[in-house]
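What follows is a single structure, written as structure tokens, with notes after it.
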Amino acid sequence: MFTRPFNANTMLWLAGKYARQGGGQIRLQEFCEMLQYLESVKNIFTQIDTDRTGDISVSELSRALKLSGFNVAGWPDGGGDALSLAVAEKIGRAYDADGNGVLTFDEFVQLRLEWDSYLDNWSATVAPDANAISPQQLLTILEAIKSSLESLHELAINPMVSGLPGFSAASFLGPMFYNSMFKVPRPFLHSTAELLIRKYAGGSSLLTFEQFCLLMEFLKEQKKKFTAVDQDRSGHINLQELGQAFAQSGMPLPQLLVVARRYDQDQSGTLEFDEFLQMMTELSPA
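As structure tokens, then:
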């Protein structure tokens, strides 16, 4: 079928979805379910990869996601229009590890496993006749995502997993949201959800599924940046660390610090993750 083997990240995602026993062990029944899932994903992939190169271009991803049940309404069987090419490409680029503009079957499986979780939590929160969410619903979805992905964190730090060739727990967990991502768990603030929705909904107070997709990729990018500095997982970084993190960003350091102090709401000299998100929402283009 395809000549390239699965990598360690894909194995971990599969174990997180199908291992229902401790230690990431998969029983025969769960193994069969996993093979059925992979077969369904392969069938979609091969509908796009007609020349059987084992790759699909990022530009073809919109159709692949449509076949996977992703549409502008956010409902698996909703029959809505496909996600726009720009949104599909934004999602796809996050999984194009070598930046060559195509996704291997392995990368497509990783995309599906992660986004299936996001789609499931969206569907569990949003009424079937609704096509947009409020700030409170966004908070509910984000907290549900954190709970659903906690098992992946537990697997990633398991010594048996950390020894897999090519696997880095820090890199794998960097952009991911899970309950224990910081030593002191904190829910997202309502003000953060309002700010994010205003940014990605063009000033509206409600967020569509397509806008939610863009927002999730933004959140993953910012989580990765934050944890690259917050290596002790305290959930906050000081302004000096922030300057170091953005030394190559092109923004003058004095300007960055002025903006950062504005979001340091408790005047602690540090930015908590929510404060960092609010700042980056202002600084980053939509």
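Position one of the sequence shown corresponds to residue 1 (full-length UniProt numbering), numbered consecutively onward. No residue lacks a Cβ here, since even glycine has one placed at the ideal position from N, Cα and C.
* **Sufficient close CB pairs (3 or more, under 8 Å) joining the segment 47 to 55 to the segment 192 to 206** => Remark: fewer than three beta-carbon pairs, one from each stretch, lie closer than 8 Å, so the segment 47 to 55 and the segment 192 to 206 are not flagged as touching.
* Asked: Three-state secondary structure (DSSP) at Leu-257?
  -> Mapped onto the sequence shown, residue 257 falls at position 257. Helix, per DSSP.
* Mind reading off the beta-carbon distance from Asp-96 to Val-58? Whole number of angstroms is fine, and I expect it under 8 Å. => Taking the sequence shown and counting its residues from 1, the one referred to as residue 96 is at position 96. Taking the sequence shown and counting its residues from 1, the one referred to as residue 58 is at position 58. Right, their Cβ atoms sit about 6 Å apart.
* Would you call the CB atoms of Leu-113 and Ala-88 closer than 9 Å? -> Reading the sequence shown from its first residue, position 113 is the one you call residue 113. Reading the sequence shown from its first residue, position 88 is the one you call residue 88. Contact flag unset, no.
* Asked: For the candidate residues Glu-39, Leu-207, Ser-117 and Asp-116, whose alpha-carbon lies nearest to that of Ala-130?
  -> The residue you call residue 130 lines up with position 130 of the sequence shown. Of Glu-39, Leu-207, Ser-117 and Asp-116, the residue nearest in Cα terms is Leu-207.
* To do: Using alpha carbons as the reference points, say which of Gln-211, Val-229 and Leu-139 lies closest to Phe-182.
  => The residue labelled residue 182 in the question sits at position 182 within the sequence shown. Looking at the Cα atoms, Val-229 is the closest of the given residues.
* Gly-235 burial status per 10 Å Cβ neighbour count (16 or more: buried) -> Residue 235 sits at position 235 when you count from the first residue of the sequence shown. Classified as buried, Gly-235 has 16 or more neighbouring CB atoms from the shown chains inside 10 Å of its CB.
* To do: Count the other C-beta atoms from every protein chain shown that fall within 10 angstroms of the C-beta of Cys-213, then say buried if there are 16 or more, exposed otherwise.
  => Counting from one through the sequence shown, the residue named residue 213 turns up at place 213. When all chains shown are included, Cys-213 counts as buried.
* Asked: With respect to the alpha helix (DSSP H) encompassing Ile-91, which residues constitute its N-terminal and C-terminal limits?
  -> The residue you call residue 91 lines up with position 91 of the sequence shown. For Ile-91, the enclosing alpha helix (DSSP H) starts and ends at 85 to 93.
* Asked: Roughly how many angstroms separate the alpha carbons of Gly-174 and Lys-220, rounded to a whole number?
  -> The residue labelled residue 174 in the question sits at position 174 within the sequence shown. The residue labelled residue 220 in the question sits at position 220 within the sequence shown. Taking the straight line from one Cα to the other gives about 8 Å.
* Asked: Looking only at C-alpha atoms, which of Gly-99, Gln-110 and Arg-262 sits nearest to Ala-8?
  -> Translated into positions along the sequence shown, residue 8 becomes position 8. A check of alpha carbon separations from Ala-8 across Gly-99, Gln-110 and Arg-262 identifies Gln-110 as the nearest.
* Is DSSP giving Thr-208 helix, strand or coil here? -> Indexing the sequence shown from 1 puts residue 208 at position 208. Thr-208: strand per DSSP, three-state reduction.
* Where Leu-189 sits in the DSSP three-state scheme -> Within the sequence shown, the letter at position 189 stands for residue 189. DSSP places Leu-189 in the coil class of the three-state scheme, outside both helix and strand.
* Asked: Using the beta-carbon count (16 or more within 10 Å), is Gln-267 buried or exposed?
  -> Numbered from 1 along the sequence shown, position 267 holds the residue referred to as residue 267. In this structure Gln-267 is exposed. Its beta-carbon is surrounded by fewer than 16 other beta-carbon atoms within 10 angstroms.
* In chain order, which continuous runs of the alpha helix (DSSP H) of length 4 or greater are located wholly inside the segment 119 to 188? -> Whole alpha helix (DSSP H) segments, 4+ residues: 135 to 148, 150 to 156, 159 to 162 and 169 to 173.
* **Burial state of Leu-152 (16 or more Cβ within 10 Å)** => One-based indexing of the sequence shown puts residue 152 at position 152. Buried.
* Hey, out of Pro-187, Thr-281, Tyr-37 and Asp-51, whose CA is closest to Gln-222's CA? -> Looking up residue 222 in the sequence shown gives position 222. Nearest C-alpha to Gln-222: Thr-281.
* Asked: Taking the C-alpha atoms as reference points, what is the distance between Trp-122 and Val-102?
  -> For the purposes of this step, residue 122 is identified with residue 122 of the sequence shown, where counting begins at 1. For the purposes of this step, residue 102 is identified with residue 102 of the sequence shown, where counting begins at 1. For the pair Trp-122 and Val-102, the Cα-to-Cα distance works out to about 27 Å.
* Asked: Excluding sequence positions up to five away, which residues of its chain have a Cβ less than 6 Å from the Cβ of Gly-78?
  -> Taking the first residue of the sequence shown as 1, we reach residue 78 at position 78. Since pLDDT at Gly-78 reaches only 48, below the 50 mark, its modelled position is unreliable, and no value is offered.
* Asked: Would you call Thr-104 buried or exposed, if buried means 16 or more other Cβ atoms sit within 10 Å of its Cβ?
  -> As a position in the sequence shown, residue 104 is number 104, starting the count at 1. It counts as buried.
* Asked: Can you tell which of Ile-56, Asn-43, Arg-52 and Leu-277 has the C-alpha that lies nearest to the C-alpha of residue 367?
  -> Past the edges of the chain, shown from 1 to 286, lies residue 367, and the structure says nothing about it.
* Looking at the structure shown, is Thr-270 part of a helix, part of a strand, or coil, going by DSSP? -> Stepping through the sequence shown from its first residue, residue 270 is reached at position 270. In the three-state reduction of the DSSP assignment, Thr-270 falls in the strand class.
* Compare the Cα-Cα distances from Phe-108 to each of Leu-14, Thr-227 and Leu-239 and report the closest residue. => For the purposes of this step, residue 108 is taken as the residue at position 108 of the sequence shown. Nearest C-alpha to Phe-108: Leu-14.
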